Amino acid sequence: MTATGPWGLVGSMLVAPGFFQSQPVHTAVLVGTVVSLVSGCVGVFTVIRGQAFAGEALSDMGTLGGSGSYLVGVSPLWGYVGVGLVVAGCMDLFGVERRRGRDVATGVVLGAMLGLSALFLYWDSTYHAASGATITILFGSLFIVSGITIPATVVLGVVGLATVAVLYRPLLLSSLSTDLAAARGVPVRRVGLAFLLLMGVSVSLSSVAVGTILGTALLIGPAATALKVARRPGTAMAMAAALGTAATWIGILLSYDSVDWPPHGRGWPVSFFVVTAVFVFYLLADLWSRRRAVAPHPGGRVRAVAGPASGTG
Amino acid sequence: MTYGGQPPGEDPVLSLAGVTVWLGGRPVLDDVGFTVGRGQFVGLIGSNGAGKTTLFRVVLGLLAPQAGVVRLGGRPWARRSRSVGYVPQKVAVDPDIPLRARDLVALGIDGQRFGFPLRGAARRRAVDDMLGAVDAERFADTRLGQLSGGELQRVLIGHALISGPRLLILDEPLANLDLRSEQEVVELLGRVARESGVAVLLSAHDMNPLLPVMDRVVYLANGHAVSGTTEEVIRPEVLSDLYGHPVDVLHVHGRIIVVAGPTPVPGSGTPPPASAGG
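For the record, the sequence lines run as chains A and B. Mind the numbering: the first sequence is residues 1 to 313 in our numbering, read in order. Mind the numbering: the second sequence is residues 1 to 278 in our numbering, read in order.
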């Protein structure tokens, strides 16, 4: 390997020949970007509202929709969205107040639905010889996105972003305090339902990209990373969207390159690289925020860092 | 029962009459009535579970009473009235929430509206002015999660005041505050009532921090309420009647202590109660 310089070497190692001409790559970049933008924006509110578990459950239950879609021969996206919306509606029905009871109920229903998914996936691979279905549904496959799924993803993504923009202020207020929001006339219950439905759509989109099991990785990871750094909601959403997009692009690039990596064949899964990038971003942000926490804060809370030596009264 | 009255020729900012609320087959509020006049500082005093939060939910229009009338500014109670600012009890701020003090104050202008907020010089000035009015300039750009309890309370008051309400309702704003923050918040609220003419209705389980600024007190116990000035209400016979149980009122170093039990027998070793003031 003779390099023309360090950057030439890095360049030829990073971008395998034909990357920019490949049609599946174009599609993957388009779909991956749309998914990352929506996930980043919705993810910030998911983290703020403490609904990461609900997001995970929504995403996992999408497995049922995806495997069912293969059985009837339609795009798994429809299965994800269908199940996502129905489950989000049910979650809203089963109490907003009692979070603990809701988590337990969600866990029980999740188990039942994943059990049914196992049966559907078995039928997919036996009756329909769709042996790749299991991997595609559980871990996603950006390179084989095709047909109606492409425009559908873009349209759902735009709808999702528009919904975030519309709900922005009432969501912020009710995430801070439902009492405060309700007293100001925010229809807290309906805003909560709208957000759950939005989360259902968002995890459906990320399931297309990284699969139902990893769906929340794109939803929670970039948002949690951004929230460690950003001080304003708009900044946090922009950062989360950018980080998710960067992770997705890195994933697409490395996955395309990995066709030549052992074992030779189809290349390593995109989602492996995407999720790894998301994780690395999170670790870096965590390190950064820890270092910042050591430095004195302007107008800071002296009380919080004062040790046991501080006297009282 | 209500002692004293409303200044003549002016509608009260808030008036309740015969408000009755049953929750879970139990009367929480029973025939509660009182008024709050313009710029008055009214303390709603009662122990935990006395129904203070329930009463506020009724006033805010979040809970419909089984009986009774609530009037705001002389008009029949309208749901989600803009003329009421509210600071709820225990706003648990997630340390990661990406909002600065000034963002929360700005949400007080139009936080209930749908769509993205429009930024403008006038809006920014209004927020800056309010931050100044509640002494929050120093931490205006600090994240909510990094504020102390007293600082957060002041920002919440700014959030509630910026829409220009005629009545400010605060649910246990002094709970969990250290003594200095407690005093600062009370002083701030007293100033709000006195200078901007905004009526303040504040709940607390201890009336003592409020004594310097409080115009009237509404004492809540057993679902019933008595209102009037401190001298009219905080008296053994009035409170014993309210509790349905002998109650004594002690005045110690300018503080008022309400204790249960029969009046101590002289010479039994218990210190004799100071004479009830007023």
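From the three backbone atoms N, C-alpha and C, an ideal C-beta is built for every residue, glycine too. Since the structure is predicted, the reported quantities are computational estimates derived from the model, not experimental observations.
* To do: Tell me residue 236(B)'s beta-bridge partners as DSSP assigns them.
  => None; residue 236(B) has no bridge partner.
- prompt: How about the region 154-171 of chain A and the region 27-41 of chain A: do they share at least three Cβ pairs that are nearer than 8 Å?
  reply: In this structure the region 154-171 of chain A touches the region 27-41 of chain A; the number of beta carbon pairs closer than 8 Å is three or more.
- Task: Find the residues of chain C that neighbour residue 282(A), judging by a C-beta separation of less than 8 Å, and give them in chain order.
- Result: In the structure shown, chain C cannot be found, because the protein chains are A and B.
State yes or no: is the beta carbon of residue 38(B) nearer than 8 Å to at least one beta carbon in chain A?
-> Not an interface residue.
Taking only three categories from DSSP, how would you classify residue 234(A)? Correct three-state label for residue 234(A): helix.
Q | Simplified DSSP state of residue 22(B), which is helix, strand or coil | A | Reduced to three states, the DSSP call for residue 22(B) is strand.
Next on the checklist: Give me the DSSP bridge partner(s) of residue 257(B).
Outcome noted: Secondary-structure assignment with DSSP links residue 257(B) through a beta bridge to 250(B).
| field | Whole-number beta carbon distance between residue 45(B) and residue 217(B), since they are thought to touch under 8 Å | value | With a beta-carbon spacing of about 6 Å, residue 217(B) and residue 45(B) fall inside the 8 Å limit used to define contacts.
**Report entry** N-terminal and C-terminal residue of the alpha helix (DSSP H) that residue 139(A) is part of
**Finding:** Segment 133-139, the alpha helix (DSSP H) holding residue 139(A).
> Are the CB atoms of residue 154(B) and residue 100(B) nearer to each other than 8 Å?
Replying inline: For residue 154(B) and residue 100(B), no; Cβs fall outside 8 Å.
Problem set entry | Reduced DSSP secondary structure (H/G/I, E/B, other) of residue 289(A) | Correct three-state label for residue 289(A): helix.
Tell me, please, whether the CB atom of residue 169(A) is closer than 8 Å to any CB atom in chain B?
-> Cβ-Cβ to chain B under 8 Å: yes for residue 169(A).
Practice problem: In angstroms with no decimal places, state the Cα-to-Cα distance between residue 86(A) and residue 177(A). | Solution: The C-alpha of residue 86(A) lies about 26 Å from the C-alpha of residue 177(A).
>> Using CA atoms only, rank isn't needed, just tell me which of 69(A), 91(A) and 92(A) is closest to residue 81(A).
In response: Of the candidates 69(A), 91(A) and 92(A), the residue whose Cα lies closest to the Cα of residue 81(A) is 69(A).
Do you know offhand how far residue 257(B)'s Cα is from residue 205(B)'s?
In a straight line, the C-alpha of residue 257(B) is about 12 Å away from that of residue 205(B).
If I measure Cβ to Cβ from residue 58(A) and keep anything under 7 Å in the same chain, skipping five residues before and after, which residues do I get? Taken in chain order, the residues that qualify are 84, 87, 88, 199, 200 and 203.
What do you get for residue 126(A), buried or exposed, if any count of 16 or more other CB atoms within 10 angstroms of its CB means buried? With fewer than 16 other Cβ atoms within 10 Å, it is exposed.
message = Buried or exposed, going by whether 16 or more other CB atoms sit within 10 Å of the CB of residue 122(A)?
response = Around the beta carbon of residue 122(A), fewer than 16 other beta carbons sit within 10 angstroms, so the residue counts as exposed.
_According to DSSP, simplified to helix, strand and coil, what is residue 113(B)?_
DSSP, read as helix, strand or coil, puts residue 113(B) in coil.
Practice problem: Pick helix, strand or coil for residue 224(B), following the three-state DSSP scheme. | Solution: It is a strand residue.
Discussion item. Short of 7 Å Cβ to Cβ, which residues in the region 119-130 of chain B face chain A?
Written reply: Per Cβ criterion, the list is empty.
**Report entry** Among 233(B), 56(B) and 87(B), nearest to residue 180(A) - alpha-carbon criterion
**Finding:** With distances taken between Cα atoms, residue 180(A) lies closest to 87(B).
* Does the distance from the C-beta atom of residue 252(B) to that of residue 239(B) stay below 8 Å? -> Not in contact: residue 252(B) and residue 239(B) (Cβ atoms no closer than 8 Å).
With a threshold of 16 other CB atoms inside 10 Å of the CB of residue 195(B), please say whether the residue is buried or exposed. By the 16-neighbour rule on beta-carbons within 10 angstroms, residue 195(B) is exposed.
* Should residue 274(A) and residue 208(A) be called a contact, given that it needs their Cβ atoms to be closer than 8 Å? -> It is not a contact, given that the beta carbons lie outside the stated cut-off.
Quick one, are the C-beta atoms of residue 138(A) and residue 63(A) less than 8 Å apart?
Taking 8 Å as the Cβ cut-off, residue 138(A) and residue 63(A) qualify as a contacting pair.
Does residue 97(A) have its Cβ less than 8 Å from a Cβ in chain B? Unreliable positioning characterises residue 97(A) in this predicted model, as indicated by a pLDDT of 47, which lies under 50. The coordinate reading is nonetheless provided below. Against chain B, the CB of residue 97(A) has no partner CB under 8 Å away; the residue lies outside that interface.
Range covered by the beta strand (DSSP E) that runs through residue 67(B) | Looking at the DSSP string, the run of the beta strand (DSSP E) that includes residue 67(B) is 67-72.
Exercise for review: Keeping to the same chain, check which residues put their C-beta closer than 8 Å to that of residue 289(A); ignore five residues upstream and five downstream.
Suggested key: Hits under 8 Å: 228 and 229.
* Asked: The beta strand (DSSP E) spanning residue 86(B) covers which residue range?
  -> Secondary structure note for residue 86(B): its beta strand (DSSP E) is the uninterrupted segment 84-87.
- When you check each C-beta in the region 178-195 of chain A against every C-beta of chain B, which residues fall closer than 8 Å? Per Cβ criterion, the list reads 179, 180, 181, 182, 183, 184, 185 and 186.
Supposed close pair residue 43(A), residue 171(A) - CB separation, criterion 8 Å: Residue 43(A) to residue 171(A), Cβ: 13 Å. No contact.
key: Cβ distance (whole Å) where residue 148(A) is taken to contact residue 136(A) below 8 Å   = The beta carbons of residue 148(A) and residue 136(A) sit about 16 Å from each other, so the pair does not count as a contact at 8 Å.
*Note the first and the last residue of the continuous beta strand (DSSP E) segment covering residue 281(B).*
Nothing about residue 281(B) can be reported from this structure: the residues present for chain B run from 1 to 278 only.
Using a Cβ-Cβ cutoff of 9 Å, what residues of the region 147-174 of chain A are near chain B? List them in chain order.
Result list: 165, 166, 167, 168, 169, 170, 172 and 173.
- Query: Anyone know if the C-beta pair for residue 169(B) and residue 56(B) falls short of 8 Å?
  - Reply: In this structure, the beta-carbon distance from residue 169(B) to residue 56(B) falls below 8 Å.
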